[in-house]
Amino acid sequence: MIKKKANVGMIISAAVLIVIIIACLMAPLSPYDPNLVKPLEKFQSPSAAHWFGTDNFGRDVFTRILYGGRVSLLVGFLSMVVSIIFGTLYGIISGSSGKIVDGFMMRLADIFMSVPSFLIIITLNIYLKAGISTLVITIALFSWMSVARIVRAETLSLKEREFVLASEGLGAGKFWIITKHYFKNVFSSVLVASTNSIASAILTESSLSYLGFGITIPNASWGGMLDGAQKYIMTHPSLAVYAGACILITVLCFNVLGNSIRQSYDPKSRR
Amino acid sequence: MSSPILEVRNLKKYFRLSGNRTLKAVDDVSFAVNEGEILGIVGESGCGKTTCGRTAIGLYSKTAGEALFRGEDIHKMSKSKRKQYCCEVQTVFQDPYASLDPKNKVIDLIAEGMDIHKFYTSKGERREKIEEIMSQVGLNPSFVDRYPFEFSGGMRQRIGIARALAVNPKLILCDEPISALDVSIQAQIINLLMELREKNNLTYMIISHDLSMVKHISDRILVMYLGEVVEESTADALYENPLHPYTQALISAIPIPDPKVECARKRIVLTGQLPSPVNPPEGCRFAGRCPMAEAKCFDCKPELKTVEDGHKVACHKY
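For the record, the sequence lines run as chains D and V.
Residues in the first sequence are numbered consecutively from 76, following my numbering.
Residues in the second sequence are numbered consecutively from 2, following my numbering.
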């Protein structure tokens, strides 16, 4: 067993993420309405009253960033949860089944991996009712495969380990071995996969909102704000910077966090 | 000796390999384990000892033949019978690192069998029973909440033994129980196994390549070569009067802790290597390495026949 040792990257990225999450949760404390149009106050520069200035409708950009962050993080988190749960179950069932079932399940996962998922997500979002639940389901629908693959590979190697044989010798059934041995032993890789899954879900959500298929305007989301800022990129480039930087920092932090967790579990990468 | 607790008849275990080849790990093996005795199975690496033991107690599915536990075929038991049977026959594995789930605490590892068969009514009773078993195998009961990585090899092997004991088995298959341990710990584990046998009336099947250990503790010994039993005998007879040329070679390889004797005695040194079990030689499987092989040995397969009382050998010389 390897001791779980925190490193600098893990601490910094976790701290930044916690700050972002708390700030987004506190969004209603802002004195401004994120969607209220005030034409007289448009394009203000950053000031004590408006920390990030105001946009083309005179809305407070900082407040909108916070509300948008709620959407991005919520969609990222929920679709991660859905895809991780489904992917883990799928991978364990596939790995612990016989050759035929395993082959069929993995080919099915390959099919899901080979379709251009983004186009299908866009199409689905056009036909389904727009909203957070639709986003979560469509994003999760195309992101469980990598988790399933990782979990299946781990399950296959666990299957051959002697403690599983010992468990069978004690009279354990398949369900027992799955819940008592497989789940516990794939946990660390699933944890790493989940941070990466959040990061990619946030990116997908932002891209969708940027293209106008995600959260409907006037509600704020980071991708949608980028879209709105695009028209004024020559005159007021700072508008795009705030939302863009938020996406960048959040995704980066999740990826660094995942990488650090993986390193702390991996004996080979420790000095 | 009393009646057999486990009887194996013409057991075969083949593994399918790619390209339509089969690996004959265990080929037509018959033997019996009597109630209360210690049966040793010896042979060199890759001769099918472990597979033979595991197939005989039903951990692996068989290819042909039958294995009877108290007269009932293990491989044909109904689900509920099988569950009951699992409590009576247990295994201690060779590698105490691979055979304990690293993510479980000691208490959960040892209690696994008790959890499956619901041997207790309350959490407190479970803990009490585990602590009792731990002190029986020489583990400090205050270690219940530790993880296996905190223990040394010998201690882990004790955990493995405790796990097997927790379901009150009658027969324990010890699959090279000491070969992964330090020499100083080996004796401790063997003594522990002997002690537990006294206390719990256990029957052991001990698989090993450590001939001196097997000689020391076994009542009867099977010598295996390339998936087959070549000699079966009581321990004393086997060491005093080994019949099969392979057994003779094995026994002459046991070092004697006396330089004078060691220098004076003759060693039978085998040449060549163990043939592949994918493509075993026709006739006697040992013929290619046998110092006494004749033309007949290469063509005709010797049967396992009784030479003296309780002493069987598969060789054309007898």
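Built from N, CA and C at the ideal position, the CB exists for glycine as well.
This structure is a prediction, so every number in the text was calculated from the model and none was measured.
Do residue 68 of chain V and residue 9 of chain V have their CB atoms nearer than 8 angstroms?
Going by C-beta atoms, residue 68 of chain V is nearer than 8 angstroms to residue 9 of chain V.
If distances are taken between C-alpha atoms only, which option among V/229, V/294, V/275 and V/171 comes closest to residue 11 of chain V?
It is V/229 whose Cα lies nearest to the Cα of residue 11 of chain V.
Partner residues on chain D for residue 118 of chain V, Cβ-Cβ distance less than 9 angstroms
Here the neighbours are 245 and 246.
In the DSSP assignment, the beta strand (DSSP E) including residue 313 of chain V goes from what residue to what residue?
That run of the beta strand (DSSP E) goes 312-314.
Residue 134 of chain D (DSSP reduced to helix, strand or coil)
Residue state, collapsed to three classes: coil.
Just checking: is the beta-carbon of residue 229 of chain V within a distance shorter than 8 angstroms of some beta-carbon in chain C?
This model lacks chain C altogether; the protein chains it does include are D and V.
Contact with chain V by residue 345 of chain D, beta-carbon distance below 8 angstroms:
With a pLDDT of 48 at residue 345 of chain D, under the threshold of 50, the predicted position of this residue should be treated as unreliable, though the coordinate-derived value follows. No - not a single Cβ of chain V is within 8 angstroms of the one on residue 345 of chain D.
Going along the region 99-111 of chain V in order, which residues come within less than 9 angstroms of chain D, judged by CB to CB distance?
Under the 9 angstroms Cβ criterion, the region 99-111 of chain V contributes 99, 100, 101, 102, 103, 104, 105, 109 and 110.
If you reduce the DSSP assignment to three classes, tell me which class residue 201 of chain D lands in.
The answer is helix: DSSP assigns residue 201 of chain D an H, G or I state.
At the 8 angstroms Cβ level, is residue 158 of chain V part of the contact set with chain D, yes or no?
When Cβ-Cβ separations below 8 angstroms define contact, residue 158 of chain V makes no contact with chain D.
Could you please give the first and the last residue of the uninterrupted alpha helix (DSSP H) stretch that includes residue 35 of chain V?
Boundaries for residue 35 of chain V: no alpha helix (DSSP H) harbours it, while the beta strand (DSSP E) harbouring it runs 23-35, taken from the DSSP string.
Distance between beta carbons of residue 167 of chain D and residue 226 of chain D, contact taken as under 8 angstroms:
The beta-carbon distance between residue 226 of chain D and residue 167 of chain D, rounded to whole angstroms, is 6 angstroms. This is short enough to meet the 8 angstroms contact definition.
Using CA atoms only, rank isn't needed, just tell me which of D/328, D/300 and D/149 is closest to residue 315 of chain D.
Among D/328, D/300 and D/149, the Cα nearest to that of residue 315 of chain D is on D/300.
Can you look up residue 159 of chain D in the DSSP assignment and give me helix, strand or coil?
Looking at residue 159 of chain D - three-state DSSP - the assignment turns out to be helix.
Which residue's Cα is closest to the Cα of residue 257 of chain V: V/213, V/195 and V/55?
Nearest option by C-alpha distance: V/213.
Against chain V, which members of the region 221-240 of chain D pass a CB distance test of less than 7 angstroms?
Answer set for the region 221-240 of chain D: 236, 237, 238 and 240.
If you pair each beta-carbon of the region 41-49 of chain V with each one of the region 198-210 of chain D, do three or more pairs fall below 8 angstroms?
Output reads no: the region 198-210 of chain D does not touch the region 41-49 of chain V.
Alpha helix (DSSP H) segment containing residue 137 of chain V, residue limits:
Run containing residue 137 of chain V: 124-137, per the alpha helix (DSSP H) assignment.
Compare the C-beta of residue 146 of chain V against all C-beta atoms of chain D and say whether one is closer than 8 angstroms.
False, the Cβ-Cβ gap to chain D never drops below 8 angstroms.
Is residue 208 of chain D close to chain V, meaning its C-beta is less than 8 angstroms from at least one C-beta of that chain?
False, the Cβ-Cβ gap to chain V never drops below 8 angstroms.
Tell me the rounded alpha-carbon separation between residue 197 of chain V and residue 96 of chain D.
Residue 197 of chain V and residue 96 of chain D have their C-alpha atoms roughly 58 angstroms apart.
Looking at the structure shown, is residue 300 of chain V part of a helix, part of a strand, or coil, going by DSSP?
DSSP places residue 300 of chain V in helix when its eight states are reduced to three.
With 8 angstroms as the threshold, decide whether the Cβ of residue 113 of chain V is near any Cβ in chain D.
Chain D places a beta carbon closer than 8 angstroms to that of residue 113 of chain V, counting this residue as a contact.
If you follow the alpha helix (DSSP H) that residue 317 of chain D is in, where does it begin and where does it stop?
Its alpha helix (DSSP H) spans residues 313-340.
In chain order, what residues of the region 45-63 of chain V put their CB closer than 7 angstroms to some CB of chain D?
60: these are the residues of the region 45-63 of chain V whose beta carbon lies less than 7 angstroms from some beta carbon of chain D, given in chain order.
Helix, strand or coil at residue 78 of chain D according to DSSP, with G and I counted as helix:
Legend: pLDDT at residue 78 of chain D = 49, less than 50; position of this residue unreliable, value from coordinates given subsequently. Three-state DSSP puts residue 78 of chain D in coil, outside helix and strand.
Compare the C-beta of residue 168 of chain V against all C-beta atoms of chain D and say whether one is closer than 8 angstroms.
Output row for residue 168 of chain V: interface = yes.
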